[in-house]
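Asker: The working numbering applies: residue 5 is where the sequence shown begins, and numbers increase by one. All C-beta atoms in this analysis are idealised placements derived from N, C-alpha and C, irrespective of residue type, glycine included. Note that this is a predicted model, so its numbers are computed, not measured.
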Amino acid sequence: FTKLGDAETAAKAKSSRELAESQMPVGIAYFTAKGEEDKIAHEEEQRQLSEETMSVATRHFHNRAEAASLASLGSEQTEVMPAAIQHFTMADRVLKEKKRKEIREMNDSPPEMSSGQAYFTNKMRAELERQAAEIQAMKENPPAPSVAGQHFEKVNEARKLEIEEMMNEPAPHAIEYFTQKARDEKQRQELAMKASDEIPYESSVATQHFTNQQVKKAQEMDALRSQVKDKEQVEPLPVDYFTKLGDAQMAAKAKSSREFAESQMPIGIAYFTAKGEEDKIVREAELRELSGQEMSVATQHFTRLAAEKEANAREEETENMPAAIQHFTVADRVEKEKKRAEIQEMHDNTPDMSPGQAYFTNQMRAEKERKAAEIQAMKENPPAPSVAGQHFEKVNEARKLEIEEMMNEPAPHAIEYFTQKARDEKQRQELAMKASD
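#1: I'd like the span of the alpha helix (DSSP H) that includes M94, first residue to last.
#2: Excluding five sequence neighbours on each side, which residues of the same chain lie with their C-beta closer than 8 Å to the C-beta of K383?
#3: What residue from N324, T62 and P386 has the CA that sits closest to E239's CA?
#4: Please report how far the alpha carbon of Y363 lies from the alpha carbon of R229, in whole angstroms.
#5: Between the alpha carbons of M1 and G296, how many angstroms are there, rounded?
#6: Which class does N324 belong to by DSSP, given the choice of helix, strand or coil?
#7: Does P359 come out as helix, strand or coil in the three-state DSSP assignment?
#8: Under 8 Å by Cβ, that's how I've got R63 and E55 pegged, so tell me the actual separation to the nearest angstrom.
#9: Hey, how far is the Cα of E106 from the Cα of P29?
#10: Note the first and the last residue of the continuous alpha helix (DSSP H) segment covering V286.
#11: Measure the beta-carbon distance from F5 to T93 and round it to whole angstroms, keeping in mind my assumption that it falls under 8 Å.
#12: Do E22 and A33 have their C-beta atoms within less than 7 Å of each other?
#13: Any contact between the segment 329 to 346 and the segment 238 to 252? By contact I mean 3 or more CB pairs, one from each, below 8 Å.
#14: In the DSSP assignment, find the unbroken alpha helix (DSSP H) run with T125 in it and report its ends.
#15: Determine the direct distance from the alpha carbon of D112 to that of E138, and round the result to whole angstroms.
#16: With a Cβ-Cβ cutoff of 7 Å, do L241 and Q367 count as a contact?
#17: Would A258 pass as a contact of E266 if the rule is Cβ separation under 7 Å?
#18: According to DSSP, what are the bridge partners of P242?
#19: Over what stretch of residues does the alpha helix (DSSP H) that includes T6 continue unbroken?
#20: Grouping DSSP H, G and I as helix and E and B as strand, with all else coil, what is E206?
#21: Using the Cα positions of D283 and M411, report the straight-line distance between them to the nearest angstrom.
#22: Which residue marks the beginning of the alpha helix (DSSP H) containing V151, and which one marks its end?
#23: Among the residues of its own chain, which have a CB less than 6 Å from the CB of P414, if the five just before and after it don't count?
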């Protein structure tokens, strides 16, 4: 169907070309045919020239490619269309061909028009023929121009003559004067530029001043560089020096905070806190030992390699900090340390307050002490609960007793069954893991 469509398109193009050739003048048809012949001859000349200039290897592979292309065209077998697609496509093409034939018949033998349609169609055609005849007659015998047309034609001719005369006349004295003045000014500027190029340029006082400032600044920079070179070399610091210093300061603050908390902590809480930390250390050691016993030989090997690698990395020499970063960082830390010492000194030796500040500060402290005393008194001698408070206290106690009774009751059979089943499954998985190890 693709080839059939290409053939139909080629036939339509051929008929359109033949119709155009029959309608075009003889000269255009001649030069069109000559252009096509020249194009074919030019392409053939280009092909021959390319074959003459190409190398032996290129000609060999070119001939092989043409032979392979011809062989493939002659030996390939076209794939057969599926039966279902062929059936429905044929039916559709038959239907389209039938409609195309009906349209062609209507174009070749149009049906008779009705009386009204024929009347207006003939009237329109007669009007078009009359207008075409009038236009052709006006082209062959154009009418004489009107009086106004003749007048403006004479005016335009006279205007053209005046413009030609003005163009041929010499320029006025004013134009010549300003033209010569512009030429003299241009020549004067060119001479001034030439003279300025020949005479050395002397800079202004301001320019000389700033130039001297730049020279002086460069001399000061050289002096500073020489002083820096004469100074003793600063010992380089590791890259993580300030990080470790900050960590040490944070650890010292945490230690002081912990010691202060332990000093304020009740004995029981301190005892159980210390016991919890000890139990945590013991539990981690037991887990580590149990993990070492249960892990395979390969895991033990790679764990030992990782530990050795980490130890070697710690022993490796740390990279030194760049000198510029070290210089400015040390200066900044000295400044911050100075400010921190001043603030600490102010905390240790508080300066005397003004009378107003001392008055309100003492009043605030007295108010805080009074509130703390009231809270302590309420803790030691709590007020009697209200009726509602007593009621809800009884309700809470009854609820607690119910919860305790429910917790002491034996579990239902279903819960016991699934709990025992989960334990058995866990024990089976542990035995299977142990057997696999």
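Answerer: The short version:
#1: A87 to D112
#2: none
#3: N324
#4: 58 Å
#5: Because the chain is modelled from 5 through 441, residue 1 falls outside the range shown and cannot be assessed.
#6: strand
#7: helix
#8: 7 Å
#9: 34 Å
#10: I271 to E298
#11: 6 Å
#12: no
#13: yes
#14: S119 to E144
#15: 31 Å
#16: no
#17: no
#18: N324
#19: T6 to Q27
#20: coil
#21: 29 Å
#22: V151 to N172
#23: none
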